[in-house]
Every structure is written in structure tokens, then in C-alpha cells.
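Here the sequence shown is numbered in the working numbering, starting from 1 and rising by one per residue. The beta-carbon is built from N, C-alpha and C at its ideal position, and this holds for glycine as well. Because the structure is a prediction, the values reported are computed rather than measured. Since the structure comes first, as C-alpha cells, the remarks are kept for the end.
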Amino acid sequence: MNILLELFVVTFRVLWAFVLAAAKWLVRPKEKSVAGQVCLITGAGSGLGRLFALEFARRRALLVLWDINTQSNEETAGMVRHIYQEIAEAAAAAPRVAGDGEKDALPRCNLQVYTYTCDVGKRENVYLTAERVRKEVGEVSVLVNNAGVVSGHHLLECPDELIERTMMVNCHAHFWTTKAFLPKMLEMNHGHIVTVASSLGLFSTAGVEDYCASKFGAVGFHESLSHELKAAEKDGIKTTLVCPYLVDTGMFRGCRIRKEIEPFLPPLKPEYCVKQAMRAILTDQPMICTPRLMYMVTFMKSILPFEAVVCMYRFLGADKCMYPFIAQRKQATNNNEAKNGI
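Right, dumping it as C-alpha cells:
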């Protein structure tokens, strides 16, 4: 009898979850504040990482920027400081409310940005840099695992070292950064872990076996971590999985689907992708796929026979969409070798 009662309760909760999800589609949830919180972003020197840094800066978070490229990371930091300066000027110009117990319209935070050169593909480098962050900045409240690489080779042409590098940066690094900063989050029951994965972590295509494997691994890591936090009843620690379609950052330059379909499914603008992800993060949304069509593709891949999926891929031109990108990479490599006299 107890199990029947429990089954009834579970059924009610599942249906109620659908109701809440539908309500969030109709009424946009209020975004939480990250002002004054320490936000660490990996791969902050360019692409989505840089845009995430600028968005968090506009929300007055204290930024910790990690990237393997010191120069590009400092360029991002300069952009962040410019935003901080604008915020400081706006706060100085805004009239302060006094005597009525209300807070200022623009809370004044000691806004700073810290940069660290870190190769997240090297475990010891991650742990040593994380220790420096704790000593020099403080405990991290928001961790954005964004750093990513792609080899751009067919499997049998890809050097083992590049395969290992892709797995280390795109997947293993998430383990190491999380192990470095999660203990304090657990102690405080407060924090947010963001995994920037890819739609290629939900379904795959030909020619990028190492990249797909690394992103599938990142998705699996994130989902298991989310379940572990729920099992530990640490509801103060939120997680968000970001799975965008092809983003026009140049990372997959040359990738093409069928020309008749491309106008309806063009590469995403990086700014749009990050704004959608920020909305999900700040409303504690567990997962965001951009565009929404990616949810349908993932669902259909789960229920359709494999041969049906292959037929759809061929119709869309998705079966060989990475081949032009790989060809461009190969040509660029050959040109560089020719210039260097190799």
C-alpha cells in the first residue's frame, strides 16, 4: 500500500513539474543577482568565453578569467574594466536613496577583474591556479566551464596527441575545475556550475569523433554531477548545461549543411547564444539548447531507428557537414608547412 501511495505522489510531482515548466514559458522568471559574487570563466580570451565575461561584468560580478593565451585574456580583461568604469560612473551620477531604508538603485561593489594564464588541459596547472585564485581573490561562486578545442581531422588522420588534447580540454578539465571549487560550494550550500557543451554532445555527425566524444563526456559529467547534488540535497548549488547549435565564432569555419536548408538553420550569432545562456543561468534553468529545434532533434534521435536518423541527416546535409571544415583545416596546415619549408 505504501508503494502505491508513493507512486501516486511521484505521479503528481511529475505532472506538477510539467505545469511549472509550462508556466516558465508563459511568465519569464525573475533573474537572480550575481553582483559581488566571484565568477570564474575558462577560455575567457575569445569567443563565447569573452562574451560571458562581458555579460557577467554588466551584472557587477567579480571576474576571474582563465585562458591559455595571456594576451587575448588581458584584452578581455580590458573590456571588462571598461564596463566596470561605466558602472562606477553611473553609480556616482545616480541619486542615492537615504532615510527610507531602501537600497541604492546601483549597489556599489568593489568591482575587479583577475586574469590567470592556465592550460586547463593540464591537471596540475588547474589545481595550482585554483589555489592562487582562492588566496588572491576568494572562493568562487559561479564556475563557467567554457574552454574548448577542436582538432579538425578525420579519425584515422588525427594524431593521438590531438585526440588526447581534445578530451583533456573539453571533458577532463571539467572534473578538475569542479573538484577544485565544489568543496566550498558544498560547505556553503551556494554556487552555480555552468557546463558549456554543444549540440554535438547530444547527437553526433561524421568526421569529428574526438570532439563529439569529449562533448558527450562533458554532458554526462554534468548530468551525473547534477544528480549527485540533488541526492546530497544541496539545493543551493545550481547547475546549467548549455548546448548550442553551431556558433559563428570561427571554430568550425567552413561547416555547411544543405544550401536549401541553411537559411532556416544558419550558424548562431555568438551574442545571441550567450544572451540565451545567461537568461538560463540567471533563472537557474537546468539546461538550455539553442535554438529550440535542438530539443526536437535530440528527442527524435532517441526514438527513431538509426537508419531513419541517417536518412534525415542525408536530407539535411548534416551527414558530411564537417567535411568542408576539415578540408579547410587540412589546407591551412599544408600552407603553414609550405611556408615553414617543411
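With DSSP collapsed to three states, give me the class of residue i.
i: F18; result: helix
i: M167; result: helix
i: K30; result: coil
i: P263; result: helix
i: C118; result: coil
i: K238; result: strand
i: L268; result: strand
i: E102; result: Summary for E102: the model assigns pLDDT 45, below 50, so the residue's position carries little reliability; its value from the coordinates is reported in the next sentence. Coil.
i: V297; result: helix
i: V149; result: coil
i: L202; result: coil
i: I342; result: Summary for I342: the model assigns pLDDT 48, below 50, so the residue's position carries little reliability; its value from the coordinates is reported in the next sentence. I342 falls in the coil class under three-state DSSP.
i: T11; result: helix
Using a threshold of 8 Å, state whether the C-beta atoms of residue i and residue j are closer than that.
i: P263; j: D248; result: no
i: Q328; j: R253; result: yes
i: T42; j: N145; result: yes
i: L241; j: M287; result: yes
i: E31; j: T283; result: yes
i: Q112; j: L62; result: yes
i: V140; j: V133; result: yes
i: T207; j: I326; result: Per the sequence shown, the amino acid found at residue 207 is Gly instead of Thr. Yes, Cβ-Cβ distance for G207 and I326 is below 8 Å.
i: G201; j: C243; result: yes
i: C212; j: S204; result: yes
i: C273; j: T290; result: yes
i: V80; j: A53; result: yes
i: L268; j: Y295; result: no
i: A147; j: G36; result: no
i: D235; j: C158; result: no
i: A57; j: V126; result: no
i: K177; j: S214; result: For the sequence presented, residue 177 should be read as Thr rather than Lys. Cβ distance not < 8 Å, so T177 and S214 don't count as in contact.
i: A180; j: A130; result: yes
i: V120; j: V169; result: yes
Kindly give me the distance between the Cβ atoms of residue i and residue j, rounded to whole angstroms, as I take these residues to be in contact under 8 Å.
i: R60; j: I87; result: 6 Å
i: I406; j: H192; result: Since the first residue shown for the chain is 1 and the last is 342, residue 406 is missing from the structure and cannot be characterised.
i: Y114; j: V64; result: 5 Å
i: K68; j: C118; result: In the sequence on display, residue 68 carries Ile and not Lys. I68 to C118, Cβ: 7 Å. Contact.
i: A356; j: W66; result: Given a span of 1 to 342 for the chain in the structure shown, any question on residue 356 remains unanswerable.
Could you tell me the boundaries of the alpha helix (DSSP H) in which residue i lies?
i: N73; result: 70 to 93
i: D210; result: 209 to 231
i: N110; result: That residue, N110, is in no alpha helix (DSSP H); it is neither H nor E in DSSP.
i: T129; result: 123 to 136
i: F175; result: 173 to 188
i: E307; result: 306 to 316
i: F56; result: 47 to 58
Mind checking who residue i pairs with in its DSSP beta bridge?
i: L40; result: V64, L143
i: I288; result: V242
i: V247; result: L268
Does any heavy atom of the ligand GTP sit closer than 7 Å to the C-beta of residue i?
i: G217; result: Absence of the ligand GTP from the depicted structure is noted, as is the absence of any ligand whatsoever, leaving it without description.
Go to residue i, then tell me how far its beta strand (DSSP E) extends in each direction, as first and last residue.
i: I193; result: 191 to 196
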